[in-house]
Amino acid sequence: MHRLRTPDERFADLPDFAHPPRYVEVPAGDGDAEPLRMHYVDVGPRDGAVVLLLHGEPTWSFLYRHALAALAAAGMRAVAPDLIGFGRSDKPAATGDYTYQRHVDWLRAFLAATGIADLSLVCQDWGGLLGLRLAGETPAMFRRIVAMNTFLPTGDEALPEAFHRWREFSQKVPELPVGAVVQGGSAQPLAPAVVAAYDAPFPDARYKAGARVFPTLVPIVPDDPASAANRRAWDGLRRYDRPFLTLFGARDPITQPAQVLLQAAIPGARDQPHRVFERAGHFLQEDLGAELGQALAQFLRP
1 MHRLRTPDER
11 FADLPDFAHP
21 PRYVEVPAGD
31 GDAEPLRMHY
41 VDVGPRDGAV
51 VLLLHGEPTW
61 SFLYRHALAA
71 LAAAGMRAVA
81 PDLIGFGRSD
91 KPAATGDYTY
101 QRHVDWLRAF
111 LAATGIADLS
121 LVCQDWGGLL
131 GLRLAGETPA
141 MFRRIVAMNT
151 FLPTGDEALP
161 EAFHRWREFS
171 QKVPELPVGA
181 VVQGGSAQPL
191 APAVVAAYDA
201 PFPDARYKAG
211 ARVFPTLVPI
221 VPDDPASAAN
231 RRAWDGLRRY
241 DRPFLTLFGA
251 RDPITQPAQV
261 LLQAAIPGAR
271 DQPHRVFERA
281 GHFLQEDLGA
291 ELGQALAQFL
301 RP
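For what it's worth, the UniProt record's numbering labels the leading residue of the sequence shown as 1, then goes sequentially.
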C-alpha cells in the first residue's frame with residue numbers, strides 16, 4: 001500500500017484550531033506490515049467524560065473546532081480523530097485501498113490504541129456511517145449518542161436523488177474541490193481561511209483518493225459488501241435505550257429525512273430534545289458554530 005502524508009506546513013495558522021497534533025498507529029490491513037498513522041485532537045481534562053467526535057466526507061477534525069472548545073469548557077474530554085485519508089492522517093494513494101470495513105477496522109484500532117472506552121459519540125455524515133455501525137455492534141460502549149445529518153444505510157432503502165447526483169459528481173469531476181464542496185453543503189458563507197483549511201490536507205489530487213471514493217462506499221443496493229454488517233448493527237441500534245439525540249440541518253436534501261427514521265427506530269431517542277435547525281445545511285457545525293457546541297455540551301454533560 002502506497003501512502004501519502006500531508007506536509008505539516010499545510011496546517012499552519014488555521015483559524016481557531018491551534019491544537020498540537022497527536023498520533024497513533026493502526027494496522028493497514030490485508031497483511032500490510034507497515035502501519036498507518038492516524039491523527040487526532042484531544043482537549044479537555046484527562047479525567048473528564050469522553051466524547052468522540054467523528055467527521056465525514058470530505059472534512060476532518062477541523063470541522064469540530066467550536067464543539068471541541070465548548071465540550072472542554074464544560075469539563076469533558078473531547079477527542080476528534082481524522083479518518084484515514086483525511087486531515088493529518090495518512091492517505092493511502094489508491095482508491096482500492098479504501099473499503100467500508102477497513103474504515104470500521106481503522107476506527108476500532110484507533111480506539112484500542114488510545115485506550116478510549118465508555119464514551120459518548122457525536123457523528124455526522126460518514127462519521128455516522130462508521131459511528132452508528134460501531135454503536136450497533138457494541139452498544140454498551142456508548143453512554144450517549146448525537147447523530148447529525150447522517151444515517152446507517154443498508155442498501156434496502158432508496159436514497160434521495162440528491163445523493164445519486166452527488167455520487168455521480170464526485171466520480172466525474174476532474175479534481176474534487178474539497179473546500180468548495182464544504183461551502184456548497186453549508187447554508188452560511190464560509191470565510192476564505194475556513195475554505196482553505198478544508199483544502200489544506202490535500203496538496204494535490206493524489207491525496208484525495210479517500211475523499212474521492214467515499215461516496216461509492218455508501219451501500220445503495222441490498223447486496224453491497226457492507227449491507228449485511230449494517231443490518232446486524234441495526235439490530236443493536238433497535239435495542240439501544242440510552243439517550244440518543246438527533247440534531248439536523250434542514251437545508252440538506254440528502255440526509256434530512258433520516259432523522260425521522262432514527263427517532264422511530266431507536267428506543268433511546270424517545271422523549272429527547274431533537275432539533276431541526278432551519279438555517280443550517282449538511283455541515284451544521286459550520287452553520288451554527290458555537291451554538292451547536294453549546295447544544296452538544298448541554299446534552300452530553302454527565
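A virtual CB, placed ideally from N, CA and C, is assigned to each residue, including glycine.
If you run the structure through DSSP and keep just helix, strand and coil, what is Ala72?
helix
For Ala158, which option in Leu296, Glu168, Pro257 and Phe11 has the closest C-alpha, if you only look at C-alpha atoms?
Pro257
Beta-carbon proximity list for Ala280, same chain, < 6 Å, skipping 5 on both sides
Excluding sequence neighbours, Ala280 sits near Ala187, Gly249, Asp287 and Leu288.
Under the three-state reduction of DSSP, which class applies to Tyr98: helix, strand or coil?
coil
Using the Cβ count rule (16 or more neighbours within 10 Å means buried), how would you classify Asp241?
exposed
If you reduce the DSSP assignment to three classes, tell me which class Ser61 lands in.
helix
Counting Cβ pairs, one atom from each stretch, are 3 or more of them under 8 Å apart for the region 72–81 and the region 41–49?
yes
Proximity of Leu129 and Gly56 at Cβ, strictly below 9 Å
yes
DSSP three-state label for Gly179, please.
Under the three-state reduction of DSSP, Gly179 is assigned to helix.
Own chain, CB closer than 6 Å to Ala117, minus 5 neighbours either side, in chain order
none
Based on the DSSP secondary-structure assignment, which residues constitute the bridge partners of Glu25?
Arg37
Check for me: the alpha helix (DSSP H) holding Phe169 runs from which residue to which?
Counting along the chain, the alpha helix (DSSP H) containing Phe169 begins and ends at Glu161 to Lys172.
Return the residue from the list Pro192, Val146 and Phe283 that minimises the CA-CA distance to Gly268.
Of the candidates Pro192, Val146 and Phe283, the one whose C-alpha sits nearest the C-alpha of Gly268 is Val146.
To which residues of the same chain is Leu14 closer than 6 Å at the C-beta, ignoring the five residues directly before and after it?
Ala197
Extent of the continuous alpha helix (DSSP H) run through Glu286:
Leu284 to Leu288
Hey, could you find the ends of the beta strand (DSSP E) Ser120 is sitting in?
Leu119 to Gln124
Identify every run of the beta strand (DSSP E) within the region 210–254, keeping only runs that are complete inside it and at least 3 residues long; order them along the chain.
244–251
Between the beta-carbon of Arg108 and the beta-carbon of Leu134, is there less than 9 Å?
yes
Between the C-alpha atoms of Val260 and Val276, what's the straight-line distance to the nearest angstrom?
11 Å
For Phe202, three-class secondary structure by DSSP:
For Phe202, the secondary structure class from DSSP, reduced to helix, strand or coil, is coil.
Taking the beta strand (DSSP E) that Ala80 belongs to, which residues open and close that run?
Counting along the chain, the beta strand (DSSP E) containing Ala80 begins and ends at Arg77 to Pro81.
Ala205 to Trp60, Cα distance in whole Å?
17 Å
When you compare only the Cα positions, how much space is there between His39 and Pro192?
24 Å
Within the chosen definition, does the region 140–154 reach the region 171–178 through at least 3 CB pairs nearer than 8 Å?
no
Am I right that Trp166 and Ile254 are in contact with their C-beta atoms under 8 Å? What's the rounded C-beta distance?
7 Å
Helix or strand or just coil, what does DSSP make of Phe17?
coil
Specify, as a first and last residue, the run of the beta strand (DSSP E) that Ala147 falls within.
Phe142 to Met148
Tell me the residue span of the beta strand (DSSP E) that contains Ala280.
Arg275 to Gly281
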